[in-house]
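*Asks:* The sequence shown runs -11 to 240 under my numbering.
A single structure is presented below for examination.
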Amino acid sequence: MIFIYCFCQLDTFQFFNVINMWKKLYFFLYLVIMAQDSNSSLLSFQRNEREETKNCPVPDKSSLKISSSLLGKLMLLSALMCLIILGIIKGILGLCCCAPVGMWSLGALIDLPRPIDSYQEGELAHIPVVYDQTGWPVHPETGQRTVRALPKKTEFFLNTVFFLAYPLAVLVSICSACCFKESAEHESGCYKCVNTVVFNTCVPSASGKESGDVLPIYSDDDASQEIKDTHYVVNQMRYSQQSLINKSSWYS
-11 MIFIYCFCQL
-1 DTFQFFNVIN
9 MWKKLYFFLY
19 LVIMAQDSNS
29 SLLSFQRNER
39 EETKNCPVPD
49 KSSLKISSSL
59 LGKLMLLSAL
69 MCLIILGIIK
79 GILGLCCCAP
89 VGMWSLGALI
99 DLPRPIDSYQ
109 EGELAHIPVV
119 YDQTGWPVHP
129 ETGQRTVRAL
139 PKKTEFFLNT
149 VFFLAYPLAV
159 LVSICSACCF
169 KESAEHESGC
179 YKCVNTVVFN
189 TCVPSASGKE
199 SGDVLPIYSD
209 DDASQEIKDT
219 HYVVNQMRYS
229 QQSLINKSSW
239 YS
């Protein structure tokens, strides 16, 4: 009642001032309430985020290492499978479409040429295999290398592993060429200098006389001297034989 009485005693100007004051107070309270709600919502959001962070499992270093190693293995396996697929495509093209494609660079994997049991072409299977001077199988009528130099199964298997084995074969050949280059040069240099052995027989000395044992050389006029020397040798051999017989009888 007192509040209504005081409110009725106000004039128009004071009445509007009071209304404005109440509006400002209401707006201020509204701002305070909204600020509290926003703070509470922010705090709840931060609290929920912390809880979710705590609940989420953190990957350790071992799991990261396992995942990276697994990824590397998958990439390596994919690369190997791609190379094998390329080799299969090369083998199929060589068997079905173009024989030179299938035989391309197979000599780096095996020694070619090599003998084959029979021709791989159907129309020539009953004909004995004919080879040229270098050992390659040739066509029996034309004499050209237009026939397959390997069995089809062997060719297809080699093409399957071709893109895996060919880089290794090239690498091995390069390494062998680099490693054995020095030994090959040393071997070729050995033949530039030939060591000879000279026997010092009948070499004339500084005094003009021959030094060392001189082998007798008979002329046509020295027949008597040759006969004497022959008898001397025969007598010495008989003497040696007689001495051996005596020693054997003495030991027995």
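The C-beta atom is built at its ideal place from N, Cα and C for all residues, glycine as well.
Please read these numbers as outputs of a predicted model, since none were measured by experiment.
Closest to W124 by C-alpha separation, out of N147, A153, L138, S57, would be which residue?
*Replies:* Translated into the one-based positions of the sequence shown, residue 124 becomes position 136. Among N147, A153, L138, S57, the Cα nearest to that of W124 is on L138.
*Asks:* Beta-carbon within less than 6 Å of Q108's beta-carbon, same chain only, minus the 5 sequence neighbours each way: which residues are those?
*Replies:* Position 120 of the sequence shown, counting from 1, holds the residue named residue 108. Within the same chain, Q108 has close Cβ partners R136, K140.
*Asks:* Are the CB atoms of P103 and I115 within a distance shorter than 8 Å?
*Replies:* Within the sequence shown, the letter at position 127 stands for residue 115. Within the sequence shown, the letter at position 115 stands for residue 103. Taking 8 Å as the Cβ cut-off, I115 and P103 do not qualify as a contacting pair.
*Asks:* Under the three-state reduction of DSSP, which class applies to V221: helix, strand or coil?
*Replies:* Residue mapping note: residue 221 aligns to position 233 of the sequence shown, counting from 1. Helix.
*Asks:* Using 10 angstroms around the beta-carbon of E270, count the other beta-carbons present and answer buried if the total reaches 16, otherwise exposed.
*Replies:* The shown model of the chain, from -11 to 240, leaves out residue 270, and the question about it has no answer.
*Asks:* Hey, T148 and G82: beta-carbon distance below 8 Å or not?
*Replies:* The residue labelled residue 148 in the question sits at position 160 within the sequence shown. The residue labelled residue 82 in the question sits at position 94 within the sequence shown. No.
*Asks:* Where A67 and C167 are concerned, what is the direct C-alpha to C-alpha distance, given to the nearest angstrom?
*Replies:* As a working note, residue 67 is residue 79 in the sequence shown. As a working note, residue 167 is residue 179 in the sequence shown. Cα to Cα, the separation comes out at about 30 Å.
*Asks:* If we ignore side chains and look at the alpha-carbon of each, how far apart do V126 and A157 end up?
*Replies:* Locating residue 126 in the sequence shown gives position 138, where the first residue counts as 1. Locating residue 157 in the sequence shown gives position 169, where the first residue counts as 1. Taking the straight line joining both Cα atoms gives about 27 Å.
*Asks:* With a Cβ-Cβ cutoff of 8 Å, do F151 and L71 count as a contact?
*Replies:* Numbered from 1 along the sequence shown, position 163 holds the residue referred to as residue 151. Numbered from 1 along the sequence shown, position 83 holds the residue referred to as residue 71. Yes, the Cβ-Cβ distance between F151 and L71 is below 8 Å.
*Asks:* In chain order, what residues of the same chain have a beta carbon less than 8 Å from the beta carbon of D120, not counting five sequence neighbours either side?
*Replies:* As a position in the sequence shown, residue 120 is number 132, starting the count at 1. So the qualifying residues of the chain are V126, G131, R133.
*Asks:* Taking the CB atoms as reference points, tell me whether Y154 and S93 lie closer together than 8 Å.
*Replies:* To locate residue 154, count along the sequence shown from 1; it is residue 166. To locate residue 93, count along the sequence shown from 1; it is residue 105. Contact flag set, yes.
*Asks:* Pull up the distance between the alpha-carbon of P101 and that of G95, whole angstroms please.
*Replies:* Counting from 1 along the sequence shown, the entry for residue 101 is found at position 113. Counting from 1 along the sequence shown, the entry for residue 95 is found at position 107. One C-alpha to the other measures close to 8 Å.
*Asks:* Could you tell me the boundaries of the alpha helix (DSSP H) in which C167 lies?
*Replies:* Looking up residue 167 in the sequence shown gives position 179. That run of the alpha helix (DSSP H) goes 150 to 167.
*Asks:* How many angstroms separate the CA atom of Q213 from the CA atom of L232?
*Replies:* As a working mapping, residue 213 is identified with position 225 in the sequence shown. As a working mapping, residue 232 is identified with position 244 in the sequence shown. Whole-angstrom Cα-Cα distance: 29 Å.
*Asks:* Between V118 and the rest of its own chain, which residues show a CB-CB distance below 6 Å, the 5 nearest in sequence each way excluded?
*Replies:* Position 130 of the sequence shown, counting from 1, holds the residue named residue 118. So the qualifying residues of the chain are V126, P128.
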